[in-house]
Structures are given as C-alpha cells and as structure tokens.
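Chemist: In the working numbering, the protein residues as written are 1309 to 1882. What follows is a single structure, and I will ask about it in a moment.
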C-alpha cells in the first residue's frame, strides 16, 4: 500500500470541518480508513482528535500564538507584526497562513512525516527550545500546501475543533471494516480498557475487530472509569438492582486510579487521565507501604482530612493540593487519606469481569491499611432501612452521600449504568443533586462585574448525538475571586462563533469550545423555549434548570463526562 499523503488527511479535516452531522462524519471517516494502512490509521486517529499521543501520555503541542505567528512570518517572509495584524483581521492563524501561501504547491509529505515533525516540536524543551520549535514549524509550513499549512497551524495551536466525538470515531472504524456500525460495542470496550483511540484503531485494522474482545488492562495505562446513575429516593434502588448491594461512603474528594507497575513505579491518574503523580507523593508512599503484590490497578478517593478532629474536609480544600510548586508545604497544610474501593487488575490477572464482592476480596487481601491508605467504608445489605441508616452515618461523618452498587456486577469501564447508583442529599427544598455542566458561552458583566463575565451559558452532553445542549445560564454562586478569574479560565477556549456541536436558542456575547466543566446546583427543572436539553422529547421546548448557582470547577472531568441529557430527562420525569 503506497504511503498516504498528509494532503489527503487535510482534505478529510476540511470535509469534517464543514459538517455538524455525526452521520456525515462517520461516512467521511469510514471511507478514509478503508484506504490507509494500520500505522497511518493510528496516527490519523490522534491527529483527528487534535493530539499526537493518547491523552494520558501528556505530550502536548500547544504553542503560544506569538510563537506560531513568528514561525509563519519566517516561512512567508513576513514580520511577526504583519502576521499578527492579519490575525487581528481574520481571527484565525490557520486562515492567515492559508491565505499567505495561496499559490504555494508544496511537496508531498506523508502522514507519518508530518506526524514525526509535530512530535519533535512537542518534545523539545529546555534552553533554546522555543527558537528550535519556531524553526521546525517554519520549515514545515514552507514546504506544504496552503490547506495542509492551515491544519498544521491549528494542530500546533490546539484549536483543530473538528467536532468528532469518541463514539462517532468508533462508529466510523466499525463501518470502515464491516460496512455497519454493529461492531462499535467491541471497539468501545477496547477503548474503555486501553484509553487510546490510536492503539484501538491500529489493532482493529491490523488484527481485526473481533481480536479486541480480549483487550486486557495494562499497568501504567489508565482504564476509563465506571460511572454512576443517580436517584432521588432510596425506594428507587429496587427498580434497578435486585439482591445484595454494596453501600459505600461517597467521599467528597478526588477519584484517583493508582497503577503499580512491576518495576515498582507508581502512577496516579485523575478521572480525565491526567497524570497527577507529582501532586500526591504522600499517596505514593502510602501505597508502597501497604501493597503486598507486584503489579496492580486500583481505584479510590483521595480526601482532605483535619488531623486533629479526623473530620473529612471538602473537595475545595483538597484542590489546593493541585499545584506544581510548594507540594511539600501543602502536604503539611492539607493532609489526606486515600480510601480504596475497587481493584481492576492484580499480578497479571484482569479483574474487570469479576463481580464486585470478589473484587473487594482481592482488594482486601492485596492491601493492608496504614495511616494514609484505608479501605472505603461499606456494608453489604438488602435492606432499605439499613441503607438509610448507613447514609445518615455517612453524612454525619463528612461524606457527601453514598454509592449503592450491585454486589454481583462486573466493572463496566467507561459506562454510566444502573449497576452503580449515587445518592446525595442536602436539606433544602430543592433538587437533591447537582449537575456537572459544560461552559459553552458567556455574557459580559456590568457594575461590579465589569471587566469579567456576568453569567455563563452551560450545557449537558448527549453522547449518542455527539452534541452539547444548553440547560441554563449561571450567574449566582461566584465569589469575587471566582469572577475575577473567569476570563483567565475561559478565554483560552474562546471561539469566534457558537461551536458547531452546540445547540441552543440563547445568544451569548462570547462563545467557548466546550472544554471546561463546572458543578451547578438549582431549584428545579422546568420547560424553556430557548434551552434545548431533551427538546426532541418535550413538546413545548427543552428542559432548563431554574435558579442555578455555581458550586465548583470540575478540573477532574472532561466535557464528555458531563451530566447527560438522558439523566436530566429522567430526573424531570420523576
């Protein structure tokens, strides 16, 4: 098979950019993947996602606009100032470079050649690296066609924004290899275990989709975390789970997946696969002192603790530990406990298909509690009364509620199902749970909010449709510091118009790429003529949250992990 040119991939980018239809995206991608090699498909999977490696590898391109403008200037014999003036006029350095190279034919780089150059740029660090990055990028721009240059620049800036969701991508691989979407479930399972679209794509093309049924966990590669549904009343448990349940404290901390490798290296991953090992050296020490085996993957919740009272502290206190500097100082200021609740792999044995009771037994045999590492508190029960009593105890002891799990359920990586249920409660006459929503737009503030945003437009996610649907506009709950920091948090994701995978009847002063997740509380759910959650199921409009208020940022969640449209619809029905 002859090498595929990067120009062909750039043409695919262009087609994807012009559509917001998931079905059209699937057709475009499946036709492309039919005609390329497994290695090219692996590389293309990363690039279509706007990355050059799996997300957990933390290899990022993201160059600042000024450096990219300088590289474009070098490649086109313009000054950096001239390029920046054009940027001000056109709003997109990708379009700027495409226009400047209007007549350039360029040589035919392969997909692999461009990928290797981008990796070189990403890996450069240290003294003098910025100038070297500029030179590498300028040389690449100087030798490609205008269309290729546009997308190379957008890749380097981290603003590709093709709108291809993970499930849309997996559908396209299934269609490319089988002609239908039927094998998507196998691909999804493999992706949830390996967390690597590139590797799953490579294996599907190289060995066939059926081979991915046997995808096994690997220590050092994060498994996509199993997710929970929610209920408003404990009486609802029996609608979803029959028989024994494991009722566990729902700690108000950060869920962390810890990997112990055979070479004794320990890696900590957050929910969104960020490597946070350096932020919790005390957890690393705690695991070393308690694990009896050679290799494992475990899950637990890290919670801030008041050592004097042994009281569990809130999530916001824990988040002060999320820092690159002064880590040792904050270990003393904010001590923690790591509460283990699941084990997914142990000494060569995958445990995902074992039931929860067996997994807990493996966990308790492989670890001995110490000062830092404890087992999450739980009971096995079939009684609603016992569950309620345990819930009240959990609240009293500083937990935010309970997790109710089918004692006989397997671990469904990446799936939000009814085998796990969360139950939280506050004591106001309002919705008893919060929502994790994605910021899609904002309106400028006035008065004391002048110079920042007065309110944020937020959305829920529909995985099947690969779209974000607006749910409410949040202006309450922000402290003065929160308001001051809004532009700093959100401006890196500002885009010139509404993101193409967003649906809303609301207008906004500013639109954002759906990347930032916030937790929001509210009074109740109502029907709205301008919001779009579940609009296909509600005759008079979409669903909206009344009297919303900001609770906290969810740095541990990706936009695809946001509260789903279906969850909100089910809450509304109840």
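Ideal Cβ placement from N, Cα and C applies to all residues, glycine included.
In the DSSP output, what is residue 1657 paired with across the bridge?
Modeler: For the purposes of this step, residue 1657 is taken as residue 349 along the chain shown, with counting starting at 1. 1654, per the DSSP bridge assignment.
Chemist: Pick from 1798, 1789 and 1779: whose alpha carbon is nearest that of residue 1812?
Modeler: The residue you call residue 1812 lines up with position 504 of the chain shown. The residue with the shortest Cα to Cα distance from residue 1812 is 1779.
Chemist: Apart from the five residues on each side of it in sequence, which residues of its chain come closer than 6 Å, Cβ to Cβ, to residue 1610?
Modeler: Your numbering for residue 1610 matches position 302 in the chain shown. These residues qualify, in order along the chain: 1561, 1562, 1564, 1644 and 1646.
Chemist: Is DSSP giving residue 1838 helix, strand or coil here?
Modeler: Mapped onto the chain shown, residue 1838 falls at position 530. Looking at residue 1838 - three-state DSSP - the assignment turns out to be coil, as it is neither helix nor strand.
Chemist: Grab me the residues of residue 1464's own chain with a C-beta within less than 8 Å of its C-beta, minus the 5 sequence neighbours each way, in chain order.
Modeler: Walking along the chain shown from the start, residue 1464 turns up at place 156. Cβ within range, chain order: 1369, 1370, 1371, 1376, 1426, 1429 and 1445.
Chemist: Relative to the C-alpha of residue 1505, which residue among 1480, 1530 and 1474 is closest?
Modeler: One-based indexing of the chain shown puts residue 1505 at position 197. Residue 1474 is the option with its Cα nearest to residue 1505.
Chemist: Between which two residues does the alpha helix (DSSP H) carrying residue 1402 extend?
Modeler: Residue mapping note: residue 1402 aligns to position 94 of the chain shown, counting from 1. First-last of the alpha helix (DSSP H) with residue 1402: 1401–1408.
Chemist: Using a Cβ-Cβ cutoff of less than 6 Å, which residues in the same chain neighbour residue 1514 once the five nearest sequence positions on both sides are dropped?
Modeler: Residue mapping note: residue 1514 aligns to position 206 of the chain shown, counting from 1. Correct list, in chain order: 1346.
Chemist: Quick check on residue 1500: buried or exposed, where buried means 16 or more other Cβ atoms within 10 Å of its Cβ?
Modeler: Taking the chain shown and counting its residues from 1, the one referred to as residue 1500 is at position 192. Result: buried.
Chemist: Could you please give the first and the last residue of the uninterrupted alpha helix (DSSP H) stretch that includes residue 1567?
Modeler: For the purposes of this step, residue 1567 is taken as the residue at position 259 of the chain shown. Unbroken run through residue 1567 is the beta strand (DSSP E), 1562–1568; no alpha helix (DSSP H).
Chemist: Okay, do the stretch 1617–1636 and the stretch 1650–1670 touch, 3+ Cβ pairs below 8 Å being the bar?
Modeler: No, the stretch 1617–1636 does not touch the stretch 1650–1670.
Chemist: Check whether the stretch 1430–1449 and the stretch 1378–1394 are in contact - that is, three or more C-beta pairs closer than 8 Å.
Modeler: At 8 Å Cβ cutoff, the stretches touch.
Chemist: Using the rule of at least 16 other Cβ atoms within 10 Å of the residue's Cβ for burial, across every protein chain shown, is residue 1838 buried or exposed?
Modeler: In the chain shown, the residue the question calls residue 1838 occupies position 530. Exposed is the call here.
Chemist: Could you pull out every residue in the same chain whose Cβ sits closer than 6 Å to the Cβ of residue 1348, ignoring the five residues on either side in sequence?
Modeler: Taking the chain shown and counting its residues from 1, the one referred to as residue 1348 is at position 40. Here the set comprises 1312 and 1419.
Chemist: What would DSSP say about residue 1768, mapped onto helix, strand or coil?
Modeler: If you number the chain shown from 1, residue 1768 lands on position 460. Of the three classes helix, strand and coil, the one that applies to residue 1768 here is strand, per DSSP.
Chemist: Taking the alpha carbon of residue 1672 as the point to measure from, which residue in 1684, 1771, 1743 and 1508 has its own alpha carbon closest?
Modeler: On the chain shown, position 364 is the one that residue 1672 refers to. Cα-wise, what sits closest to residue 1672 is 1684.
Chemist: Label residue 1770 either buried or exposed according to how many other C-beta atoms from any shown protein chain fall within 10 Å of its C-beta, with 16 as the threshold for buried.
Modeler: Along the chain shown, one-based indexing puts residue 1770 at 462. Burial call: buried.
Chemist: Output the distance between the C-alpha atoms of residue 1339 and residue 1516, rounded to the nearest integer angstrom.
Modeler: The residue labelled residue 1339 in the question sits at position 31 within the chain shown. The residue labelled residue 1516 in the question sits at position 208 within the chain shown. Distance between the alpha carbons of residue 1339 and residue 1516: 17 Å.
Chemist: Looking at C-alpha atoms only, which residue of 1359, 1860 and 1476 is the closest neighbour of residue 1336?
Modeler: Working through the chain shown from its first residue, we reach residue 1336 at position 28. Checked all of 1359, 1860 and 1476; the closest Cα to residue 1336 is 1476.
Chemist: Going by the CB atoms, is the gap between residue 1856 and residue 1828 shorter than 8 Å?
Modeler: Translated into positions along the chain shown, residue 1828 becomes position 520. Translated into positions along the chain shown, residue 1856 becomes position 548. In contact: residue 1828 and residue 1856 (Cβ atoms closer than 8 Å).
Chemist: Where do the ends of the beta strand (DSSP E) carrying residue 1712 lie?
Modeler: Residue mapping note: residue 1712 aligns to position 404 of the chain shown, counting from 1. Looking at the DSSP string, the run of the beta strand (DSSP E) that includes residue 1712 is 1709–1714.
Chemist: Only counting the same chain, and skipping five residues up and downstream in sequence, which positions put a Cβ closer than 7 Å to that of residue 1334?
Modeler: As a position in the chain shown, residue 1334 is number 26, starting the count at 1. Only 1476, 1479, 1480 and 1483 meet the Cβ criterion.
Chemist: Using the three-state DSSP reduction, which class does residue 1678 fall into: helix, strand or coil?
Modeler: The residue labelled residue 1678 in the question sits at position 370 within the chain shown. Note: residue 1678 maps to coil in three-state DSSP.
Chemist: Between residue 1883 and residue 1556, is the Cβ-Cβ spacing less than 8 Å?
Modeler: The question about residue 1883 has no answer, for the chain in this structure spans 1309 to 1882.
Chemist: Counting along the chain, where does the alpha helix (DSSP H) carrying residue 1311 start and finish?
Modeler: Here residue 1311 corresponds to residue number 3 of the chain shown, with the count starting at 1. No alpha helix (DSSP H) holds residue 1311; DSSP gives it neither H nor E.
Chemist: Give me whichever residues DSSP pairs with residue 1391 in a beta bridge.
Modeler: One-based indexing of the chain shown puts residue 1391 at position 83. None, per the DSSP bridge assignment.
Chemist: Could you give the residue range of the beta strand (DSSP E) that holds residue 1777?
Modeler: Here residue 1777 refers to the residue found at position 469 when the chain shown is read from its first residue. Run containing residue 1777: 1775–1782, per the beta strand (DSSP E) assignment.
Chemist: Please say whether residue 1567 and residue 1605 have beta carbons closer to each other than 8 Å?
Modeler: By 1-based counting over the chain shown, the position of residue 1605 is 297. By 1-based counting over the chain shown, the position of residue 1567 is 259. Yes, the pair counts as a contact, with Cβ atoms nearer than the cut-off.
Chemist: Residue 1844: buried (16+ other C-beta within 10 angstroms of its C-beta) or exposed?
Modeler: Working through the chain shown from its first residue, we reach residue 1844 at position 536. Counting Cβ neighbours within 10 Å, residue 1844 comes out exposed, since fewer than 16 surround it.
Chemist: What distance in whole Å lies between the Cβ atoms of residue 1707 and residue 1765, which are believed to be in contact at a cut-off of 8 Å?
Modeler: One-based indexing of the chain shown puts residue 1765 at position 457. One-based indexing of the chain shown puts residue 1707 at position 399. Actually they are not in contact, since the Cβ atoms of residue 1765 and residue 1707 sit about 32 Å apart, beyond 8 Å.
Chemist: Counting only the same chain and skipping the five closest in sequence on each side, list residues whose C-beta sits under 6 Å from that of residue 1743.
Modeler: Counting from 1 along the chain shown, the entry for residue 1743 is found at position 435. Excluding positions up to five away in sequence, the list reads 1828 and 1871.
Chemist: Is residue 1537 helix, strand or coil when you go by DSSP?
Modeler: Residue numbering aside, residue 1537 sits at position 229 when the chain shown is read from its first letter. Residue state, collapsed to three classes: strand.
Chemist: Is the number of C-beta pairs between the stretch 1485–1504 and the stretch 1692–1700 that are closer than 8 Å three or more?
Modeler: At 8 Å Cβ cutoff, the stretches do not touch.
Chemist: With a threshold of 7 Å on Cβ separation, who are the neighbours of residue 1532 within its own chain once the five nearest residues in sequence on each side are excluded?
Modeler: For the purposes of this step, residue 1532 is taken as residue 224 along the chain shown, with counting starting at 1. Result list for residue 1532: 1500, 1503, 1721 and 1722, in chain order.
Chemist: For residue 1645, which residues does DSSP report across the bridge?
Modeler: Here residue 1645 corresponds to residue number 337 of the chain shown, with the count starting at 1. The partner list for residue 1645 (beta bridge, DSSP) reads 1611.
Chemist: Who are the Cβ neighbours of residue 1810 in its own chain at under 6 Å, not counting the five residues just before and after it?
Modeler: Within the chain shown, residue 1810 is the residue found at index 502, counting from 1. Only 1748 and 1776 meet the Cβ criterion.
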